[in-house]
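Chains as they are written, first to last, in our numbering: chain A, 39 to 410; chain B, 39 to 410; chain C, 39 to 410; chain D, 39 to 410. Think of the CB as a built atom: it goes at the ideal place given N, C-alpha and C, for glycine as much as any other residue. Keep in mind that this is a model prediction, so the values were computed, not measured. Step one of this worksheet: look at the structure below.
There are 4 protein chains.
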Amino acid sequence: MHDVVEIGLGKPAQRGYHLDDIAIVPSRRTRDVDDVSTAWQLDAYPFRIPCVAHPSDATMSPDTVIALGRLGGLGVLNVEGLWTRYEDPSKILSELAGLGEDAGATARLQEVYAEPIHPDLIGERVRQIREGGATVSVRVSPQHTLALAPVVLDAGVDILVIQGTIVSAEHVSTVEQPLNLKEFIADLDLPVIVGGCTNYQTALHLMRTGAAGVIVGVGADEWSTTDTVLGIRVPMATAIADAAEARRDYLDETGGRYVHLIADGDLQTSGDIAKALGCGADAVMLGEPLSLAEDAPAGGAWWHSAASHPKLPRGAFGVAEEPLGSLEKILYGPADDPDGKLNLFGGLKRAMAKCGYRDLKEFQKVGLVLDR
Amino acid sequence: MHDVVEIGLGKPAQRGYHLDDIAIVPSRRTRDVDDVSTAWQLDAYPFRIPCVAHPSDATMSPDTVIALGRLGGLGVLNVEGLWTRYEDPSKILSELAGLGEDAGATARLQEVYAEPIHPDLIGERVRQIREGGATVSVRVSPQHTLALAPVVLDAGVDILVIQGTIVSAEHVSTVEQPLNLKEFIADLDLPVIVGGCTNYQTALHLMRTGAAGVIVGVGADEWSTTDTVLGIRVPMATAIADAAEARRDYLDETGGRYVHLIADGDLQTSGDIAKALGCGADAVMLGEPLSLAEDAPAGGAWWHSAASHPKLPRGAFGVAEEPLGSLEKILYGPADDPDGKLNLFGGLKRAMAKCGYRDLKEFQKVGLVLDR
Amino acid sequence: MHDVVEIGLGKPAQRGYHLDDIAIVPSRRTRDVDDVSTAWQLDAYPFRIPCVAHPSDATMSPDTVIALGRLGGLGVLNVEGLWTRYEDPSKILSELAGLGEDAGATARLQEVYAEPIHPDLIGERVRQIREGGATVSVRVSPQHTLALAPVVLDAGVDILVIQGTIVSAEHVSTVEQPLNLKEFIADLDLPVIVGGCTNYQTALHLMRTGAAGVIVGVGADEWSTTDTVLGIRVPMATAIADAAEARRDYLDETGGRYVHLIADGDLQTSGDIAKALGCGADAVMLGEPLSLAEDAPAGGAWWHSAASHPKLPRGAFGVAEEPLGSLEKILYGPADDPDGKLNLFGGLKRAMAKCGYRDLKEFQKVGLVLDR
Amino acid sequence: MHDVVEIGLGKPAQRGYHLDDIAIVPSRRTRDVDDVSTAWQLDAYPFRIPCVAHPSDATMSPDTVIALGRLGGLGVLNVEGLWTRYEDPSKILSELAGLGEDAGATARLQEVYAEPIHPDLIGERVRQIREGGATVSVRVSPQHTLALAPVVLDAGVDILVIQGTIVSAEHVSTVEQPLNLKEFIADLDLPVIVGGCTNYQTALHLMRTGAAGVIVGVGADEWSTTDTVLGIRVPMATAIADAAEARRDYLDETGGRYVHLIADGDLQTSGDIAKALGCGADAVMLGEPLSLAEDAPAGGAWWHSAASHPKLPRGAFGVAEEPLGSLEKILYGPADDPDGKLNLFGGLKRAMAKCGYRDLKEFQKVGLVLDR
């Protein structure tokens with residue numbers, strides 16, 4: 039049972055907790071860090087680390103999808119981003135890399151994303167990634183899934199990510215034929231990841247569409263403004279734990295289908311990753327932390343997909359002071375800075391070792407303390 | 039039942055929550071944004087958006103009342119403000135627009151408001167607004183209602199707003215004949231909006247005066263100092279929800295009179311507006327957000343009525359760095375800034391769509407999370 | 039019953055609330071401000087406002103004691119301060135007025151207070167105040183009460199204030215003969231104010247010594263460091279409410295002796311004063327707010343008595359940017375600044391009016407909201 | 039019973055409280071400060087103050103171990119630090135003293151700690167300390183205990199400190215033979231202090247290893263990044279109180295073995311020390327507060343052992359603006375600054391006196407208030 043508060047007469051609100059509100063608690067056992075595994079597998083695809091890239095153009099180009107794949111994570115290209123709007127977006131990415139954090143940046147984002155998507159470029163990008171040897175995963179928005187799916191499937195992807203800020207299993211529209219996720223997924227024979235969602239009910243219904251993975255959260259970080267623009271703020275610790283309960287209930291009602299939870303939001307440091315997994319996530323979706331790599335597509339600039347919305351942008355344009363190091367250094371260290379942004383998965387591994395856990399599934403049971 | 043805490047032996051306090059403490063929670067359904075309506079109607083007056091202007095001279099001149107009306111909102115002119123103290127206040131408004139945020143600004147406000155009200159100017163202003171084609175709504179303070187009402191009614195207003203920081207249905211005075219709101223309103227045949235109030239009891243008693251609308255809150259924003267000067271601070275989420283309970287109870291006791299709640303306080307962004315409506319408000323009263331329009335009367339300066347009190351000012355004088363854009367852009371976008379201050383009602387509409395709601399009355403039932 | 043939390047296994051802590059955590063709540067009635075009285079009376083001494091000065095040399099000289107008395111409050115001179123250590127402390131006060139807020143200020147305070155107290159100067163200061171026509175009230179520390187009392191009483195004071203950071207009714211010492219407050223007070227026939235104290239038990243025992251008034255709190259403000267040095271932090275809302283319960287219980291056990299509670303701490307603005315009285319205090323003790331008067335003894339500098347302790351100072355030396363205005367303007371306005379530091383008791387009066395109360399005793403029952 | 043919250047469906051978290059969340063509460067009695075004792079004894083070793091040095095090279099050299107011993111505390115040398123890696127580390131310490139707080143500092147720390155430990159230097163350092171007349175106490179990490187113990191014991195230490203960020207009684211490894219603390223300690227006939235730990239279970243199991251003292255906390259202060267890197271954050275008030283319950287239970291199960299609790303974390307001021315002891319600690323472990331002494335080994339620079347980890351540093355390199363004064367002044371005053379960093383144990387003594395307590399064991403029962 040949730041902790042429900044009556045904020046006013048007859049008006050209940052559920053209490054929610056952010057990852058910042060909690061910390062993980064060591065048990066009475068510790069373990070050698072070399073005995074700890076961070077391996078994760080989605081459907082037939084094994085990964086050394088539970089790391090999925092947030093499909094922003096600021097982090098994922100065909101090259102970085104390949105690089106992340108080689109390093110043991112899952113890269114995802116946004117097929118509604120710059121790489122399918124421009125034959126060669128490198129000049130635009132360079133320009134964006136040079137923009138400052140002023141008001142004009144949003145207007146410029148809106149302009150460059152006003153260019154239409156060229157479906158033929160989708161096939162081209164998929165080929166590039168496949169030739170690079172990586173698992174091919176692309177992101178489409180729910181609105182464009184029906185239109186883009188044929189092209190995407192034709193191009194031959196391994197994992198399809200259908201992602202919007204908020205995705206539900208039941209989209210209602212009198213304006214256009216809405217996507218019926220359940221029917222759509224049933225017709226595919228590749229694993230689909232779908233989200234974001236923020237609570238037990240939506241997570242459960244998304245699981246029932248047949249998705250292999252569900253994204254929990256709306257990707258909120260300090261650049262996101264979903265909160266101020268829409269009034270929607272997701273306490274990630276609660277959202278992940280609630281979705282994990284949906285995963286258990288769905289596992290029970292299906293007699294064994296395990297749907298993976300990918301946490302997307304409030305994730306800056308290895309400590310945040312450890313907490314998200316400790317709340318019950320199977321993997322994390324990283325955006326801005328990967329934009330700090332010296333080989334990131336936009337040279338340290340960072341923006342969400344929603345930041346370029348033509349009428350209602352919901353994310354600020356951020357610029358890192360200087361790159362932190364290679365993608366490998368960000369994922370595996372060695373760190374020469376103590377702030378938790380380098381050696382992200384070495385940090386996770388050590389946290390698991392300090393708490394005595396051997397693998398990620400066990401670590402979902404780690405003790406938590408609520409101290410804020 | 040409220041959550042009551044004993045802050046010391048024998049001393050109870052009710053727990054209250056601010057809009058910042060809560061967020062709205064998507065449901066398991068989403069909806070096409072084009073299927074969502076933000077229409078609102080007060081008595082015989084329909085509005086495209088649930089937007090009432092805070093009657094400060096910083097936002098409302100006869101011209102901006104007309105402009106807001108054309109855009110689908112309700113403008114309210116303060117007939118105890120500069121427009122009834124000066125034949126042509128434009129020179130003073132220009133001067134105020136040029137003042138900085140220093141201590142002297144308050145003293146200057148006190149001076150310009152020391153000029154007496156000229157009753158004949160009231161009729162003049164009302165005519166201007168009526169000629170502009172807008173619904174005519176003016177604000178009087180409870181103290182001056184008896185004196186100014188004849189002039190105001192004579193001039194022919196559509197909606198009368200009787201507003202003070204705190205207004206009760208039972209004002210006690212041995213010094214002068216107090217306003218009996220119930221008798222006063224019974225004698226009128228136009229809708230009256232009255233407030234602010236901060237709790238269930240006061241809201242219910244104000245509803246019983248026959249008011250068509252009740253203002254909830256004291257208009258507090260970051261420039262307001264009601265808190266430091268009077269020790270009164272209104273947790274808006276709680277105040278709105280409590281007043282909504284009073285609305286339900288009054289609806290029941292009258293067999294069907296629905297009194298509209300207009301939230302006034304803590305409203306800066308489209309997210310705040312969504313939250314206030316989600317707590318149960320029927321409309322929002324906006325002050326400072328409208329002062330950022332490039333056509334605002336005081337060129338971006340902002341002050342509450344209470345900021346010019348001759349002996350006990352209760353609001354700071356604020357100056358915006360630069361205007362955000364036209365009034366239309368503030369209300370309907372397109373936004374080119376992601377901080378929630380542009381496209382206020384486009385943001386509201388999208389929040390409603392993300393949560394699966396069709397109209398404002400339904401949206402009052404949206405789920406809430408308490409996460410701070 | 040207090041809200042008690044187990045912070046760890048077997049370790050309870052009482053929940054406490056600061057004045058900042060709460061706000062006062064208007065009732066369904068409002069009242070004309072001219073019908074409100076802020077009068078207060080201690081023993082035979084009536085005051086227009088419930089204002090006692092904190093006996094710091096930064097606020098109270100013989101002249102300002104007289105000035106505050108004329109304005110309707112109670113000034114208190116510290117007879118262990120500069121006025122009894124120096125024939126003419128004006129040169130030292132001027133020097134202190136010129137010191138900045140750097141580390142050296144504390145060392146200089148320690149030096150100037152190292153000068154011994156000259157008992158003959160006590161009589162001199164008392165005479166000055168009496169000649170000025172004010173109620174004569176002086177402060178001694180519990181440690182020096184036995185030594186200084188004969189001189190003080192001989193000089194003829196009206197109200198004696200025995201004040202230390204923490205004063206108990208039962209001081210234990212094997213080193214020197216401790217002050218037995220109960221016997222000491224029984225022998226006097228003038229009203230004694232004693233404190234500070236922080237909880238029900240101590241307040242009740244101090245009442246049983248026969249004191250006419252009990253100081254609640256340790257005078258903590260943003261310059262005080264009692265918290266960081268001693269680990270003692272007083273949530274004033276809780277402390278005042280608890281002491282008010284002790285006052286009720288003592289009233290009952292004595293069949294009618296009413297002991298006045300003087301709140302000392304967390305008081306910067308008229309809003310804070312309203313909240314302290316709303317929690318149950320009879321009067322407030324003001325230090326730094328009075329140091330901002332243009333006629334304050336140390337020209338805007340501010341320090342607590344404890345700030346000059348030779349081995350363990352517990353308060354920083356503060357310097358106001360510029361005086362706010364005359365003492366009269368600080369107490370009664372008119373304010374030309376909206377931040378609650380001017381017109382302190384006009385603000386209180388208006389808060390009482392907005393909440394519908396007529397006098398201070400009634401206002402102790404005002405509703406509270408806990409919103410932080 | 040702990041206060042347990044369900045942060046999401048089926049996911050409990052224990053509520054924890056930091057020292058900053060609480061304060062100590064005076065009782066109805068006060069005591070003469072000269073009647074208060076801060077004496078502490080561990081095994082056969084008596085100390086004037088309950089002060090153990092955090093074994094960082096920034097605070098503890100052979101000379102400062104001796105100096106702290108003379109002043110009545112317990113100095114601890116890290117035998118895995120610079121003093122056993124370099125014949126004469128003074129040049130390196132000087133260099134570190136001159137580093138700023140930039141990113142490069144961590145890399146430099148990693149370099150200087152890459153030098154191997156020279157076991158013969160261990161004996162040399164122990165001899166230096168013994169000749170200086172101080173109790174000889176050295177720190178080893180759990181990983182190196184088996185390798186270094188023979189050398190350390192041979193050199194003849196009085197008290198052995200086995201300290202890592204998180205130490206458990208049950209370390210699991212398939213990679214190398216793990217340290218069996220219980221067997222290891224049983225074979226020794228000198229008192230062992232072991233830790234850090236963060237909760238009841240781990241504390242109890244560490245007590246059962248036969249340790250004379252258990253370190254509670256992970257040494258977190260504002261320079262520590264254990265939180266951001268590992269997701270582990272220790273609410274010290276709760277951790278200490280929980281460990282105190284383990285101490286009581288262990289005392290009961292053994293029929294009288296009293297294990298000392300040494301709090302390590304969140305300790306900056308005398309107020310913090312008072313609160314840690316009031317929660318149930320027997321002594322405090324001080325790091326950064328001692329690095330501010332003018333005779334500190336690294337001239338005001340401060341870093342944890344974990345700050346030099348070669349792959350995953352977990353602490354920032356800090357530099358004090360200027361030394362606060364001699365070690366004696368820091369411990370015993372006189373203070374000429376009111377911020378609680380000077381006269382640490384004079385402050386503790388006065389806090390005990392204000393609350394009416396005579397010795398440390400009694401003071402563990404002091405009342406607490408939870409006010410944040």
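Query	Result
L112 of chain A versus A:V322, A:N381, A:A391 and A:A344, residue with shortest Cα-Cα distance	A:V322
Exposure of K49 of chain A, with buried meaning 16 or more beta-carbon neighbours within 10 Å	buried
Interface residues of the region 340 to 374 of chain B facing chain A [CB-CB below 8 Å]	G371, P372, A373 and D374
Unbroken alpha helix (DSSP H) run spanning F383 of chain D, endpoints	L382 to K392
Interface partners of T240 of chain A on chain D, CB under 8 Å	Ordered by position in chain D, no residue passes the 8 Å Cβ test against T240 of chain A, which lies about 13 Å from the chain.
beta-carbon L226 of chain D near the ligand ATP non-hydrogen atom, thresh 7 Å	The ligand ATP is not part of this structure, which contains no ligands at all.
Member of D:T307, D:L299, D:E260 and D:V205 whose CA lies at the smallest distance from the CA of T263 of chain C	D:T307
Bridge partner(s) assigned by DSSP for E44 of chain A	A:P50
Close Cβ partners of L131 of chain C (< 6 Å) along its chain, the five nearest in sequence each way excluded	P335 and A336
Minimum length 4: unbroken alpha helix (DSSP H) runs contained in the region 238 to 317 of chain D	238 to 245, 264 to 268, 274 to 292 and 308 to 316
Exposure label - S128 of chain C; buried when at least 16 CB within 10 Å	exposed
Chain A contact for Y55 of chain D (CB, 8 Å cutoff)	yes
Member of D:W121, D:N381 and D:A279 whose CA lies at the smallest distance from the CA of R53 of chain D	D:A279
Min CB distance E326 of chain B to chain A below 8 Å	no
Straight-line Cα distance separating Q166 of chain A from G46 of chain A	56 Å
Cβ-based contacts, 7 Å cut-off: residues of the region 243 to 268 of chain A near chain B	H243, T263, D265, T266, V267 and L268
Candidates A:P327, A:A207, A:V254 and A:D333, of which the one nearest W261 of chain A by Cα	A:P327
Residue from B:Q239, B:L268 and B:L362 whose Cα sits closest to the Cα of A284 of chain B	B:Q239
Distance CB(A389 of chain A)-CB(G269 of chain D) smaller than 8 Å	yes
Contact residues within the region 209 to 224 of chain B, judged by C-beta distance below 9 Å to chain C	H209, V210, S211, T212, V213, E214 and P216
DSSP three-state assignment for G353 of chain B, whether helix, strand or coil	strand
Residue-chain proximity (A312 of chain D, chain A), Cβ-Cβ < 8 Å	no
Opening and closing residue of the beta strand (DSSP E) in which H209 of chain A lies	E208 to V210
Where the alpha helix (DSSP H) containing Y370 of chain B begins and where it ends	L365 to Y370
Closer than 8 Å to chain D by CB, E169 of chain A	no
Contacting residues, own chain, Cβ-Cβ under 7 Å from A250 of chain D (five flanking each side not counted)	L80, D81, P229, V230, I231, V297 and H298
Neighbourhood of T183 of chain C by C-beta distance below 8 Å, restricted to the same chain and skipping five residues each side	I200, L217 and F222
Selection from D:A258, D:D70 and D:L186 that minimises the alpha carbon distance to S206 of chain C	D:D70
Residue burial classification, S94 of chain D (beta-carbon count within 10 angstroms, cutoff 16)	buried
Cβ of I45 of chain B within 8 Å of any chain C Cβ	yes
P127 of chain B - containing beta strand (DSSP E), residue span	Looking at the DSSP string, P127 of chain B is not in any beta strand (DSSP E), and its letter there is neither H nor E.
Span of the alpha helix (DSSP H), counted from its first residue to its last, around T183 of chain C	P180 to A193
V254 of chain B, buried or exposed, once every other Cβ within 10 Å from all chains shown has been counted against 16	buried
Three-way DSSP call (helix, strand, coil) for L137 of chain B in this model	coil
CB contact check: Q148 of chain C to chain D, cutoff 8 Å	yes
Under 8 Å by beta carbon: chain D residues contacting S206 of chain C	P64, S65, R66, R67, T68 and G394
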